[in-house]
Structures are given as structure tokens and as C-alpha cells.
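First residue of the sequence shown: 1, per the working numbering; consecutive thereafter.
Using N, Cα and C, we set each Cβ at its ideal position, and we do this for glycine too.
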Amino acid sequence: MAQNTSREAAKKAAQSGTMTPRQIWIVLIGLMSGMFLAALDQSVVGAAMRTIADDLGGLSLQAWATTAYLITSTVSTPIYGKLGDIFGRRPLFIAAIAIFIAGSATAGLANTMVELAGYRALQGIGAGGLFSLALTIVADIVPP
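This is the structure:
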């Protein structure tokens with residue numbers, strides 16, 4: 001009985017264009033997970049940068065690996081906002097996740113600090129979308 005009621009509520013919500021509270025929570029968990037990963041990546045790499053720079057032999061370039069991430073995420077944030085208005089937030093959020101994952105995977109394979117800084121810049125481009133689009137999507141799906 002309860003399952004039929006929830007299915008009927010979901011069907012009515014889909015027809016009216018609104019989301020059920022359960023659907024909102026599922027979307028919120030996904031959005032906040034993306035934001036958490038981007039913030040965690042920023043913090044963890046900052047704490048481990050000295051060791052990473054020692055391993056890659058680039059102590060003089062260690063600041064660039066952190067700075068590249070911060071600069072590109074800051075610059076890409078408003079760009080994602082505008083593109084989200086034009087092309088839709090969901091496809092851009094998925095693209096931001098893909099860019100962030102690609103940057104993370106390639107950063108793990110970096111052999112030099114210059115490569116690491118470049119891949120961290122790619123991560124930052126994805127992170128800018130994770131931060132800005134997640135908050136915008138929350139504003140879209142949660143009623144005032």
C-alpha cells in the first residue's frame with residue numbers, strides 16, 4: 001500500500017514539474033557529494049604538497065600546484081553560471097564532474113611538478129562547476 005502511494009506521489013510530482021521530498025534529498029546528496037569532493041581535494045593536496053613536491057623533485061614549483069587549482073576554479077565559477085543559464089545546469093554539472101575526474105586521474109599520474117600544476121588546473125576547471133552549479137541547482141529544486 002505504501003509503495004503504491006509513493007509511486008502515485010512521484011507520478012503526480014512528475015506531471016506537475018515538482019519533486020517529491022525524497023527526490024529532493026537524493027539530488028541534494030549527489031550535489032553535496034560533488035562539492036565535498038572538490039573541497040576535500042583542495043584541502044588534502046594542500047596538506048600533502050610538501051611530500052608530493054619532494055617526490056616529484058620540484059620544491060620551487062610546489063605553490064603552483066595549489067595556485068593553479070584555485071585560479072582556475074575561481075575563473076571558471078562565473079563562466080559555469082552563465083553557461084548553465086544558457087545550456088541547462090544538469091548537463092554542465094555532469095561535464096564538470098567529468099572534467100574534475102579527468103583532472104584527478106591525470107594528476108595522480110603526473111611525473112613532474114609542471115605536469116601536476118597543469119592537471120590541478122584541469123581539476124580546478126571542474127571544481128568551479130561543482131561549486132557554482134550545485135548551489136544553483138539547489139535553488140532551482142527547493143521551493144522558497
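- Between Gly128 and Thr72, the C-beta gap is smaller than 8 angstroms, which places the two residues in contact.
- Less than 8 angstroms separates the beta-carbon of Ala38 from that of Phe131.
- Exclusion of the five residues before and after Ala107 leaves Leu116, Tyr119, Arg120 and Gln123 as the residues of its chain whose Cβ lies within less than 7 angstroms of its Cβ.
- Spanning the alpha carbons of Val138 and Ala102 requires a straight line of approximately 25 angstroms.
- Around the beta carbon of Arg22, fewer than 16 other beta carbons lie within 10 angstroms, which makes this residue exposed.
- With a beta-carbon spacing of about 14 angstroms, Ile97 and Val27 fall beyond the 8 angstroms limit used to define contacts.
- The beta carbon of Gly81 sits closer than 8 angstroms to those of Ser132, Leu133 and Thr136, all from its chain and outside the five residues before and after it, given in chain order.
- Annotated as distal: Leu59 and Thr112, with beta-carbon spacing of 8 angstroms or more.
- Linking Gln62 to Leu109 through their CA atoms gives a straight-line distance of about 16 angstroms.
- Ile99 sits close to Ile125, with the two beta carbons spaced by under 8 angstroms.
- The DSSP-derived three-state label of Leu135 is helix.
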